[in-house]
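Protein sequences appear in the order of chains A and B. In case it helps, numbering that gives the first Met the number 0 puts the first sequence at residues 0 to 214. In case it helps, numbering that gives the first Met the number 0 puts the second sequence at residues 0 to 220. Idealized CB from N, CA, C, for every residue including glycine.
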Amino acid sequence: MDRPDTPLAELPMDELIVCPQCDAVYRLRRPAHGERASCERCHTALITPRRNAGLQIIAVAVAVMVLIIGAAVFPFLTIDAAGASNAVSVLDAALAFSGGPMILLSLATAALIFFIPLLRVLLTLYVLIPVVLDRPPARHAVAAFRLSEELRPWSMAEVFAIGCAVALVKVADLADVGFGPAFYMFGALVILVIAQDRFLCKWSVWNSLEHPKTS
Amino acid sequence: MQMVRMELSGTSQDIVSARELGIVACTRCNKPAPMGTELCSRCGSKLVSRDRMSLQRVWAFWTVGLMCYIPANTYPMLKTRTLFQVEESTIIGGAVELAQYGNWGIALIILFASVAIPLAKFMAVAFLAISVKRRSVTSQRQRYYLYEVVEYIGRWSMIDIFVVAILSSLVQLKTLAAINPGTASIFFALSVIFTMLAAQAFDTRMIWDAQTKDEGLKTND
Numbered sequence: 000m001d002r003p004d005t006p007l008a009e010l011p012m013d014e015l016i017v018c019p020q021c022d023a024v025y026r027l028r029r030p031a032h033g034e035r036a037s038c039e040r041c042h043t044a045l046i047t048p049r050r051n052a053g054l055q056i057i058a059v060a061v062a063v064m065v066l067i068i069g070a071a072v073f074p075f076l077t078i079d080a081a082g083a084s085n086a087v088s089v090l091d092a093a094l095a096f097s098g099g100p101m102i103l104l105s106l107a108t109a110a111l112i113f114f115i116p117l118l119r120v121l122l123t124l125y126v127l128i129p130v131v132l133d134r135p136p137a138r139h140a141v142a143a144f145r146l147s148e149e150l151r152p153w154s155m156a157e158v159f160a161i162g163c164a165v166a167l168v169k170v171a172d173l174a175d176v177g178f179g180p181a182f183y184m185f186g187a188l189v190i191l192v193i194a195q196d197r198f199l200c201k202w203s204v205w206n207s208l209e210h211p212k213t214s
Numbered sequence: 000m001q002m003v004r005m006e007l008s009g010t011s012q013d014i015v016s017a018r019e020l021g022i023v024a025c026t027r028c029n030k031p032a033p034m035g036t037e038l039c040s041r042c043g044s045k046l047v048s049r050d051r052m053s054l055q056r057v058w059a060f061w062t063v064g065l066m067c068y069i070p071a072n073t074y075p076m077l078k079t080r081t082l083f084q085v086e087e088s089t090i091i092g093g094a095v096e097l098a099q100y101g102n103w104g105i106a107l108i109i110l111f112a113s114v115a116i117p118l119a120k121f122m123a124v125a126f127l128a129i130s131v132k133r134r135s136v137t138s139q140r141q142r143y144y145l146y147e148v149v150e151y152i153g154r155w156s157m158i159d160i161f162v163v164a165i166l167s168s169l170v171q172l173k174t175l176a177a178i179n180p181g182t183a184s185i186f187f188a189l190s191v192i193f194t195m196l197a198a199q200a201f202d203t204r205m206i207w208d209a210q211t212k213d214e215g216l217k218t219n220d
């Protein structure tokens, strides 16, 4: 099995790994848990396995789902100025663009900060739960995971969270602004979304979808 | 966290690209396949060794993004109504106004985040697209690093739109004050989205192809 001197060209395809960013070819060597294999040339992380990563991701995904739904329903900022007051939720903010073509912007905003993040969490759970339980992959799990990866750059809940902070600074001079419960939920959401991206090793997921453990 | 180096065929100097070995790799799931395979057997993505249409799509999205960026700056971004007056301010106008009131710090941050960064992104994407066609003095690693920065920053530019959305929904205080989004917001959002699409359309593997060619030239000379 171990023939370190064999030229890459003569190795079978399943013993090779190719960097998706720079096309460099390497002999596939699985790193141990907690180690990361990255491309020598462009330093893209190729395989980053972690012990119990599946369970951790599922736990984080459930937490993210609860937070996204909670953050959408509860008000996240309240304002008070000379007797007039107002409280807004995320969906209120998304629907702020109204009238004519602005409605498209409302739909896009709602999708970017609420529906796409939620969909990605649901897809992640759908793909990973059978894998972690050592069951055969769910139906269309491959398409589900691909969609989830394609949507990754368009999931902007954490960008919105930082936007809250910026908006806060801008109106702080004009009126009394208070935080609603959803504001703290968004704070937690930012950290969890970053954690989820760190735990997830795409290569391991693809590999287990291709070679499901038969128990 | 420990780093593991993938095993190479020899020393770290001779990195071979999949294309040279007659292999086409899936950019979505990294699985290699013989050249000529059309669909990835693992994830079903389309396989192309080098995306020939990549640059055309980059330039198309880039142009639309730039076109949208012009009205994003000429139309008002926010309409502020207070007790006695209605005020419409563009991105730059708003920043200038803040500076006049003495808020130099915030004005500079706004100018940097909403003007300098979008313009820098346009220039960076154009530079990358041109550099894979001509020989570039900038090293491959630096150009790839530039690409990573552009891709990372791309989505964060939506923050302006989200701030407008938050302000417009929050500041609705009946007769006292109200903020409403201006026409520029839709163009700004489109500009951000098309710049993101342009960056995504760029096939990064082309950056490293140029390197192999350059080295070939050097040894031949």
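Q: Identify the contact partners of residue 76 of chain A in chain B, using a Cβ-Cβ distance below 8 Å as the criterion.
A: 165, 169
Residues from the stretch 89-108 of chain A in contact with chain B, defined by Cβ distance under 8 Å: 91, 92, 93, 94, 95, 96, 100, 101, 103, 104, 107, 108
For this session: Would you verify that the beta carbon of residue 145 of chain A is, or is not, closer than 8 Å to some beta carbon of chain B?
Result: yes
*Quick one: what's got a C-beta closer than 8 Å to residue 210 of chain A's C-beta in the same chain, skipping five residues either side?*
none
In angstroms, rounded to a whole number, what distance separates the CA positions of residue 42 of chain B and residue 207 of chain B? 25 Å
Legend entry - Cα-Cα separation, residue 113 of chain A to residue 156 of chain A: 7 Å
| task | Have a look at B:175, B:14, B:163 and flag the residue whose alpha-carbon is nearest the alpha-carbon of residue 91 of chain A. | result | B:163
Query raised in the report: In the structure shown, what three-state DSSP assignment does residue 33 of chain B receive?
Result: strand
- prompt: If you draw a straight line from the alpha carbon of residue 91 of chain B to that of residue 72 of chain B, how long is it in whole angstroms?
  reply: 7 Å
- prompt: From residue 215 of chain A to residue 55 of chain A, what distance separates their C-alpha atoms?
  reply: The structure shown does not extend to residue 215 of chain A, since chain A is modelled only from 0 to 214, so the question has no answer here.
Check: Can you tell which of B:15, B:76, B:61, B:70 has the C-alpha that lies nearest to the C-alpha of residue 119 of chain B?
Finding: B:61
Identify whether residue 20 of chain A lies in helix, strand or coil by the three-state DSSP scheme.
coil
TODO: Give the secondary structure of residue 84 of chain B by DSSP, where H, G and I count as helix, E and B as strand, and everything else as coil.
DONE: coil
Strictly below 7 Å CB to CB, what residues from chain A border residue 134 of chain B? Neighbours of residue 134 of chain B on chain A: none; closest Cβ ~18 Å, over 7 Å.
query = When the cut-off is 8 Å and only beta carbons count, does residue 194 of chain B lie next to chain A?
reply = no
Exercise. When the cut-off is 8 Å and only beta carbons count, does residue 12 of chain A lie next to chain B?
Worked result: yes
Quiz prompt | DSSP three-state assignment for residue 142 of chain B, whether helix, strand or coil | solution = helix
query = Which class does residue 25 of chain A belong to by DSSP, given the choice of helix, strand or coil?
reply = strand
Practice task
Go through its chain and collect everything with a Cβ distance to residue 59 of chain B's Cβ below 6 Å, but skip five positions before and after it.
Solution key: none
Q. Taking just the CA atoms, how far does residue 145 of chain B sit from residue 49 of chain B?
A. 20 Å
- Query: Between which two residues does the alpha helix (DSSP H) containing residue 143 of chain A stretch?
  - Reply: 140-150
message = In the DSSP output, what is residue 123 of chain B paired with across the bridge?
response = Bridge partners of residue 123 of chain B: none, in fact.
Thinking just about the alpha-carbon of each residue, which of A:23, A:34, A:83, A:205 is nearest to the one in residue 123 of chain A?
-> A:205
Just reading off the beta strand (DSSP E) that residue 85 of chain A is part of, what are its end residues?
83-88
Item checked: Residue range of the unbroken alpha helix (DSSP H) whose run includes residue 102 of chain B -> Note, residue 102 of chain B: premise wrong, no alpha helix (DSSP H); not H, not E.
| query | In chain B, which residues lie less than 8 Å from residue 170 of chain A when you measure between Cβ atoms? | reply | 166, 169, 170
Determine, for residue 157 of chain B, whether the minimum Cβ-Cβ distance to residues of chain A falls below 8 Å. yes
Is residue 64 of chain B closer than 8 Å to residue 190 of chain B when the C-beta atoms are compared? yes
- Could you run through the stretch 24-37 of chain B and flag, in chain order, every residue whose CB is less than 8 Å away from some CB of chain A? 24, 25, 26, 27, 28, 29, 30, 31, 32, 33
Q.
If contact is defined by three or more beta carbon pairs under 8 Å, each pair taking one atom from either stretch, is the stretch 169-185 of chain B in contact with the stretch 70-87 of chain A?
A. yes
Beta-bridge partners of residue 78 of chain B, as assigned by DSSP:
B:87, B:179
With 16 other Cβ atoms within 10 Å as the buried cut-off, status of residue 174 of chain B: exposed
>> What does the alpha-carbon distance come out to for the pair residue 165 of chain B and residue 109 of chain A?
In response: 12 Å
| For the beta strand (DSSP E) that contains residue 113 of chain A, what are its first and last residues? | Counting along the chain, residue 113 of chain A falls outside any beta strand (DSSP E), and DSSP gives it neither H nor E.
- Which bits of chain A does residue 173 of chain B rub up against, with CB to CB less than 7 Å? 83
request  = Confirm, please, whether the CB-CB distance from residue 80 of chain A to residue 160 of chain A is below 8 Å.
outcome  = no
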